[in-house]
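Presented below is the structure to which this report refers.
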Amino acid sequence: MSFCLMRIANVENALGNIKHAEEHAIEALKYATKSEEKVSQGRILLVLGSIYNTKRKFEEALTYIQRAKLLFKDASKDMPELGAIQGYGWALLLEASILLNTEEIQKAEDIAKEALKVLKDINNTPGIIRAYEVLAKIYGKLDRLEKKRRAEEEIKKLKENL
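Rendered as structure tokens:
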């Protein structure tokens with residue numbers, strides 16, 4: 037049930053129905069919390085972070101992301117599994133995107149690079165592409181045009197091989 041509600045929240049957020057997205061995500065979190073499944077809880081917290089990022093409530097968004105990162109790390113201690121590692125990498129990506137929105141460019145760059153490493157280690161191509169997209173935006177803001185160009189080349193190469 038939590039997974040279905042989380043997916044509905046994602047779709048509602050993408051459609052701009054923020055109020056409904058938040059309601060579904062909160063309901064999903066209740067179910068996931070009852071199940072004590074850390075990876076599911078972390079994923080839903082990422083959705084809530086994304087919703088608050090959309091609402092431009094960056095501090096609240098980062099709070100959800102930090103909680104998700106802790107759950108993913110904790111889940112990895114119990115039994116290292118792909119879902120927890122992937123969740124942690126995507127949490128880093130969302131955190132970097134939020135920091136980019138708040139103009140904390142250097143911190144965003146450091147976190148995006150960490151996300152890239154985590155996601156490369158598990159060969160998560162969509163995550164690797166997203167990491168390069170975030171880095172390209174960062175390099176654009178920092179006027180590091182050569183690094184931006186290389187990141188964009190990596191994106192193109194990865195997308196061609198999907």
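Quick note on the working numbering: the sequence shown kicks off at 37 and runs consecutively.
By construction, the Cβ of each residue, glycine as well, lies at the ideal position given by its N, Cα and C atoms.
Asked	Found
Cutoff 7 Å; reference S86; Cβ partners in own chain excluding five residues on either side	N49, L130
Sequence-distant residues of its chain with Cβ nearer than 7 Å to I141 (five each side left out)	I174, K177, L178
Near the ligand ATP: D110 beta-carbon under 7 Å from a heavy atom	Absence of the ligand ATP is noted for the structure shown, with no ligands found whatsoever.
Cα-Cα separation between Y124 and A167, rounded to whole angstroms	13 Å
Same chain only: Cβ atoms within 8 Å of I158, ignoring 5 sequence neighbours per side	L118, I121, Q122, G125
Presumed contact (8 Å Cβ cut-off) between V83 and M42, rounded CB distance	6 Å
Through-space distance from K70 to I134, alpha-carbon basis	29 Å
Helix, strand or coil at R166 according to DSSP, with G and I counted as helix	helix
Best match in A64, G163, R92 for proximity to K195 [C-alpha to C-alpha]	G163
Every unbroken alpha helix (DSSP H) within the segment 91-168, with a cutoff of 4 residues, ordered by chain	94-114, 118-137, 141-157
Terminal residues of the alpha helix (DSSP H) in which L65 lies	54-71
Assigned secondary structure, M42 (DSSP; H/G/I helix, E/B strand, else coil)	helix
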